[in-house]
Every structure is written in C-alpha cells, then in structure tokens.
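Quick mapping for you: the protein sequence lines, in order, are chains L and Z. First residue of the first sequence: 166, per the numbering used here; consecutive thereafter. First residue of the second sequence: 166, per the numbering used here; consecutive thereafter.
Number of protein chains: 2
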Amino acid sequence: MDAKLTWVDAMRFVGEASSGHAIVLDADHEVGGEDTGMRPSELLLIALGGCSAMDIISILKKKKQDVKHFEINVRGDKATTHPKRFNNIVIEYVVKGKDIDIEAVKRAVEISMTKYCSVKATIENGVPIEHTYKIIDE
Amino acid sequence: MDAKLTWVDAMRFVGEASSGHAIVLDADHEVGGEDTGMRPSELLLIALGGCSAMDIISILKKKKQDVKHFEINVRGDKATTHPKRFNNIVIEYVVKGKDIDIEAVKRAVEISMTKYCSVKATIENGVPIEHTYKIIDE
C-alpha cells in the first residue's frame, strides 16, 4: 500500500493513495498554513476510527442488527511539548437503532479491537487506545 | 484533538476533524464497499507522510533552500493475515531545486523524524519506520 504527498505551496500538500483518492492537507495559520485542509494528526485519528467503524458496521449487519445511525468519536490527548505525540486515544462508539442487542455491539467492538482493525494493530504499541460505547434505542 | 466518523451507508463514512474539514472513507468492492473514498489504512500513511512533509518544507524554507518540487512517497508493507497490520513503513523524500544543500535536507529529515513529527512519535513504537531521500538538481 502506497501514498504520495506532493507539496503545493506554503504548508499545503496533496496526499494521494493507491486507491486513487486524494486529500488536501494544510497547517494552522499560526504555523504558516492557510487551514485549507486537515492536519496530519487529525488524519491519524480518522484512520483509526474509520478502520474500526468499517469492521463494526460490517459485523452488526451480519448479526442482523437494525442500525439506524452509527457514529464514532475519537479523542486524542496530545502532549504540549514537541513532538506533541498523542499520549492517549479514546474511541467512543454510538449505535442508534431499534432493539439493538448490547452483546452484539460489545462483541463487534471487541472483535474489531483485537482481531480486525489494521490501524489499531499497527499503532497500539505506540499509544494506549481505550474505547467506550453507547447504545441508543429509537 | 477530536475526530468524528458518521456512517453514511454500506461501508461509507464521513470523517470530520476538529479543524472543520471532512473526508469520505470507503472500502473496496470485494469487502462490500463502493470505493468512493480512501481506505483508513491509506490515511495512516498520508498522516505520517504529511506530518513529516510539513516539518521539512518549513525547515528547508528557513534554511533558504530554493525548493522547486517536493514530494514524499510512503510505502507500507501490510501483513497478509488479519488484522493486516503494517509490518514496516518506508518514507522516501524527494527534493528538487537549484543548488539544494544535501546536508540541509539530511538535517531537516533527521529533525522531523526525531523531534517534530507528532504522528511518527505516536506510532514509532508500533511499527518500524525507515526513511531515504533523493535530491535532484534542476
């Protein structure tokens, strides 16, 4: 799997991936950017949440759960001194639907975190990752 | 720093970051996706490359280097079995310009890798990260 970053100007880059999709990355004004795209460390959180999100929706569908809304909130606590690494990441899964089986959600999260999520498996020895979940009946 | 992933349909999600920018994520057709956006693990490579890219362009500008083109290629070797983690990541920096000082590039890469790149600092204990660079005079 490959990715390529090409400098555009100032702190702006275009990132292209082997799937053919592209994204603009940019920095804050205070460090010379123009805020025309995401920060790289935001992309790390989205990569982690997105990876687990796909596992879980896939598992819940197989378990015939009637999911009406599904979101994942990812919070990363960054150190204040350089290199400002993430010291901790917390993933919150929010599943809304009719008669959602709490055990099915719990198991889907567990399978994603321990068996399927490639981003989590890649970075888990670098940063502690916690998770919580919330099920809303509607 | 926060990010939020919201399920759209099938394997498609929208990822929004605290900077206000958003991106579509999707899976391959073979796993039920429609390939309308990047894979999460591609985003991990772009996060890593983008983070270092911003450090380096910033340092090279401060060192008055006449950079005409700058790109970063990131290659990740994934395991073939689940969770298909990255076993190794190689970053290649390509700097084109007039009379670029090789020592300035070498030092910029070193500073990014050891002091500034937050994504690298977050994941380096999870996956080995190597780097190479190429300077093209033009």
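C-beta: ideal position from N, C-alpha, C; glycine also. Values in this document were obtained by computation on a predicted structure and should not be read as measured data.
Asked                                                                                                  : Found
Check whether VAL274/L and TYR258/L have beta carbons under 9 Å apart                                  : yes
Residue of TRP172/L, PRO293/L and VAL292/L minimising C-alpha distance to GLY198/L                     : TRP172/L
Reduced DSSP category for MET203/L - H, G, I as helix; E, B as strand; rest coil                       : strand
VAL270/Z: contacting residues in chain L (beta-carbon distance under 9 Å)                              : Within chain L, no residue comes near VAL270/Z; the closest Cβ sits about 14 Å away, beyond 9 Å.
Within chain L, partners of VAL274/Z - CB distance below 9 Å                                           : In chain order: nothing, as chain L lies at least about 14 Å away.
Whether LYS280/L touches ILE294/L by CB criterion (9 Å)                                                : no
Within chain Z, partners of PRO205/L - CB distance below 9 Å                                           : ILE211, ALA212, LEU213, GLY214, GLY215, CYS216, SER217, ALA218, MET219, CYS282, SER283 and VAL284
For VAL173/L: DSSP bridge partner residues                                                             : Answer is none; VAL173/L lacks a bridge partner.
Within chain L, the residues that GLY241/Z reaches when beta carbons sit closer than 7 Å               : MET166
Residues of the region 240-261 of chain L with Cβ closer than 7 Å to any Cβ of chain Z, in chain order : ARG240, GLY241, LYS243, HIS247, PRO248, LYS249, ARG250 and PHE251
ARG177/L to LEU213/L span [Cα, whole Å]                                                                : 23 Å
CA-to-CA distance, ILE301/L to LYS243/L, given in whole angstroms                                      : 30 Å
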